[in-house]
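Trainee: Please find one structure pasted underneath; my questions will follow.
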Amino acid sequence: MSGALASTGSQMPAGALGAAAAVTVAAGAGVVFAMRRRRTQ
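So, in structure tokens, the structure goes:
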């Protein structure tokens with residue numbers, strides 16, 4: 166038996182996932198803001 170742990174998790178870097186999530190949230194917020202502004206005019 167060796168003392169090495171099993172490799173688990175994604176090989177994708179967490180920074181890339183975080184950046185993609187931030188862009189998605191910002192885009193959604195922009196759409197909501199634009200729709201609300203358009204509806205009030």
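In terms of my numbering, the sequence shown opens at residue 166 and continues consecutively. No residue lacks a Cβ here, since even glycine has one placed at the ideal position from N, Cα and C.
Under a three-way DSSP split, which group does Ala192 fall into?
Mentor: In the three-state DSSP reduction, Ala192 falls in the helix class (H, G or I).
Trainee: Taking 6 angstroms as the line, does the beta carbon of Gly193 fall inside it for any heavy atom of the ligand GTP?
Mentor: The ligand GTP is not among the ligands present in this structure, which contains no ligands whatsoever.
Trainee: Distance check for Gln176 and Ala185, CA to CA, integer angstroms please.
Mentor: 16 angstroms
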